[in-house]
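Protein chains in written order, with the working numbering: chain A, 91 to 189; chain B, 107 to 411.
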Amino acid sequence: MEGTALWACAGASDQLLYKDVEDGRLIYDRSSGETRLLSHLSQFLVEWLEAQGHPASTADLVLAVHAEEPESSTQECLAAVETALAALSEAHLLRQVAR
Amino acid sequence: MKVGELSPAEVRRALTGPGLRVATGAFNCRMQSEVGGIAPELARLYTHHELLDDAAFIDFHVKIGASRGLRRWVRPQALFTVDEVSPFTPLPQDQALPMMEWGLNWCISAYSHHLLVLHAASLSRNGRALILPAPPGSGKSTLCAALANRGWRLLSDELTLIDLRDGRLHALARPVNLKNQSIEVIRRFAPEAFLSTPVLDTTKGTVALMAPNAASVQASAEPVWPRWVALPRWRAGAATQLTPMPQGEAFLQLAENAMNYHILGEQGFAALGELVDRAQGFRFEYSDLDEAIALFDRLAEQEGA
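Rendered as structure tokens:
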């Protein structure tokens, strides 16, 4: 599913606590006790997906980031998006769905 | 009445008998020891601490026991107990004095979940606290001892205590644990400070304890607002450098150095969140103690201006 999957928001969870800080967003997971720091790019991806209202591909997300950061190359955007997606997936904030 | 007002014989009698009841900032302790030989140095280390009367509540009843039977004669050992429980294996008897300090630190870390406990040194100047969280070997205790000998108030060299209700720091003002080369560094840096006789071959290497000064002990009941968090790193020949650390990164560093963050759960998350809101975070690299102190003095002066 990896290459062809779409990304969707996992939906609000009452297990998560948030704190916005200057270098991103801290997330505390009540169920696991884990704390993570998500980058501003991760936040942007979640908000963009929420605004779309439907799942999107990695390529769509790269295009969205590139539109915000036209001075960065698409390769740079792809690398940054992949890192952010991995962190979001690990934090259970995004999930992959079949096309 | 203070410990220093007792005669050496009285300290020894109290330690080997009903116990030395001492106020150490946020906690009251009753110290007993069957190893009477630690009495003179323990009295010097706690000379400025208030003695408690029999009615005072005691948080920790701690004791250093001496080995029995043949062990009395062959490689004698010391055993730490708190409320009759022994959390550690016995150690050689010459380690009895540092063992008392390690044991008290263990008690605080294990039982004080009404506070967020960080593995960090903390000091204050002009009513604002500096927190130095760091792993062993970072130069934390050396820097802490040096600052404490140059006008900064010692809150704690090892355990920083954060009140979950309002975010203020509580003091311990107990002896500073110096290891290996730090002992000679501080001996030269502050010849007026009392350091206990170095104990060789402990699990931490050679250790000695430095007595807190009178001002730090006298102020130990006053909580302080946190203002700076600096992650120290000593590196030979390094230029003194203070580099801002973003809030999120500072949060994760503090969480990693917290003894009970995972036990406190949401409360720990909230307390550390408030801490990074109040305190500026930095990475701090240094090799020269005088330069390091001058830098933190300037930071405190700028804040006070």
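Cβ coordinates follow ideal geometry from the N, Cα and C atoms, glycine included. Just so it is clear, the structure is predicted and the values come from calculations on it, not from any experiment.
Integer-rounded CB distance, given that residue j should sit under 8 Å from residue i
i	j	result
B/Ala-184	B/Gln-201	6 Å
B/Ala-228	B/Thr-266	Sequence inspection shows Ser at residue 228 of chain B; the Ala mentioned does not correspond to that position. Right, the Cβ-Cβ distance comes to about 4 Å (below 8 Å), so this counts as a contact.
Collapsed DSSP secondary structure at residue i in the structure displayed
i	result
B/Met-205	helix
A/Val-105	Per the sequence presented here, residue 105 of chain A reads as Gln, with Val not at that position. Residue state, collapsed to three classes: coil.
B/Ser-295	Here the sequence assigns Phe to residue 295 of chain B, which means Ser is not the residue at that position. In the structure shown, B/Phe-295 sits in a helix (DSSP, three-state: H, G or I).
B/Asp-403	helix
B/Leu-261	strand
B/Ser-228	strand
A/Met-91	Low local confidence applies: a pLDDT of 40 at A/Met-91 is under 50, so the model's placement there is unreliable, and no value is given.
B/Arg-384	helix
B/Tyr-152	coil
B/Ser-139	strand
A/Asp-119	strand
B/Trp-334	strand
B/Trp-212	helix
B/His-368	helix
Proximal residues to residue i (C-beta, below 7 Å), its chain only, five neighbours per side dropped
i	result
B/Leu-158	Arg-127, Val-128, Ala-129, Asn-134
B/Pro-124	none
B/Glu-140	Thr-122, Ile-170, Gly-171, Ala-172
B/Ala-322	It is worth fixing the name first, because residue 322 of chain B is Ser in this sequence and not Ala. So the list reads Ala-254, Arg-259, Leu-260, Ala-279, once near-sequence residues are dropped.
B/Trp-212	Pro-193
Contact with chain B by residue i, beta-carbon distance below 8 Å
i	result
A/Leu-139	no
A/Val-136	no
A/Leu-96	no
A/Leu-131	no
A/Met-91	With a pLDDT of 40 at A/Met-91, under the threshold of 50, the modelled position of this residue cannot be trusted; read the value that follows with caution. False, the Cβ-Cβ gap to chain B never drops below 8 Å.
A/Glu-112	yes
8 Å Cβ cutoff, residue i in contact with chain A
i	result
B/His-412	Since the displayed chain B opens at 107 and closes at 411, residue 412 of chain B lies outside it and no answer follows.
B/Leu-270	no
B/Leu-151	no
B/Phe-388	no
B/Leu-405	no
B/Pro-352	yes
B/Gly-273	no
B/Leu-238	no
Length of the line joining the Cα atoms of residue i and residue j
i	j	result
A/Met-91	A/Ala-188	With a pLDDT of 40 at A/Met-91, under the threshold of 50, the predicted position of this residue should be treated as unreliable, though the coordinate-derived value follows. The straight-line gap from Cα to Cα measures roughly 7 Å.
B/Cys-250	B/Asp-263	6 Å
B/Asn-319	A/Ser-129	44 Å
A/Leu-184	A/Leu-178	6 Å
A/Gly-123	B/Gly-374	10 Å
B/Gln-138	B/Val-191	14 Å
A/Leu-153	A/Ala-170	12 Å
A/Thr-125	B/Gly-175	51 Å
B/Gly-110	B/Ala-345	41 Å
B/Ala-406	B/Leu-238	15 Å
B/Arg-118	B/Gly-142	6 Å
B/Pro-338	B/Ala-226	10 Å
B/Pro-241	B/Arg-293	23 Å
B/Gly-245	B/Pro-182	33 Å
B/Leu-360	B/Trp-334	12 Å
A/Ser-103	B/Leu-151	52 Å
B/Pro-198	B/Asn-366	30 Å
Beta-carbon contacts of residue i that lie in its chain and below 8 Å, excluding the five residues immediately before and after
i	result
B/Phe-163	Asn-134
B/Glu-298	Asn-255
B/Met-206	Met-137, Ser-139, Ile-144, Leu-148, Val-168, Ile-170, Phe-186
B/Gly-233	Val-330, Trp-331
Nonlocal neighbours in the same chain, by C-beta distance under 6 Å from residue i, ignoring five residues either side
i	result
B/Phe-194	Phe-186
B/Ala-296	Asn-255
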